[in-house]
Amino acid sequence: MRRRRAAQARVSAGLVDVNCPRCGGGFECGFQAGHCACFGIRLTERLRVQLAERYRGCLCLPCLRALIEADARRVAGEPPAEPPAKPPSQADPHG
1 MRRRRAAQAR
11 VSAGLVDVNC
21 PRCGGGFECG
31 FQAGHCACFG
41 IRLTERLRVQ
51 LAERYRGCLC
61 LPCLRALIEA
71 DARRVAGEPP
81 AEPPAKPPSQ
91 ADPHG
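Residues in the sequence shown are numbered from 1 upward in steps of one, following UniProt numbering.
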């Protein structure tokens with residue numbers, strides 16, 4: 001019963017449980033509610049277009065931050081940082 005109330009509260013607050021298409025991690029998107037954590041994230045137009053072409057739906061904040069950092073490194077001509085590890089569910093079992 002407690003879970004049902006929590007789920008109803010999320011729906012009524014406009015939050016939607018989603019999975020990030022980049023890392024597979026779950027998070028709550030508040031876009032429809034008008035107050036999502038990503039609203040404070042600033043993307044270059046080039047990066048926004050690239051993300052829209054590559055991913056369908058919202059990305060989690062850690063992925064957005066990593067992509068912004070990687071884009072800034074590319075623009076500055078710096079070598080890319082190590083890519084973040086995939087969640088265990090997406091790790092290659094064959095090494």
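Note that the Cβ used here is the ideal one computed from N, Cα and C, for glycine as well.
| Item | Value |
| --- | --- |
| Which residue spans inside the segment 35 to 77 form an unbroken alpha helix (DSSP H) run of at least 4? | 45 to 54, 61 to 76 |
| Using the Cβ count rule (16 or more neighbours within 10 Å means buried), how would you classify F27? | buried |
| Does the separation of the CB atoms of G57 and Q32 fall below 8 Å? | no |
| Hey, could you find the ends of the beta strand (DSSP E) C23 is sitting in? | Unbroken run through C23: none, as it is neither H nor E. |
| Measuring CA to CA, which of E78, C29, A70, E45 is closest to C38? | C29 |
| Could you round the C-beta distance between L59 and L47 to whole angstroms and report it? I think they count as a contact, below 8 Å. | At roughly 11 Å, the Cβ-Cβ gap does not stay under 8 Å, so L59 and L47 are not in contact. |
| Of the residues T44, Y55, V49, H35, which one's Cα is nearest the Cα of A72? | T44 |
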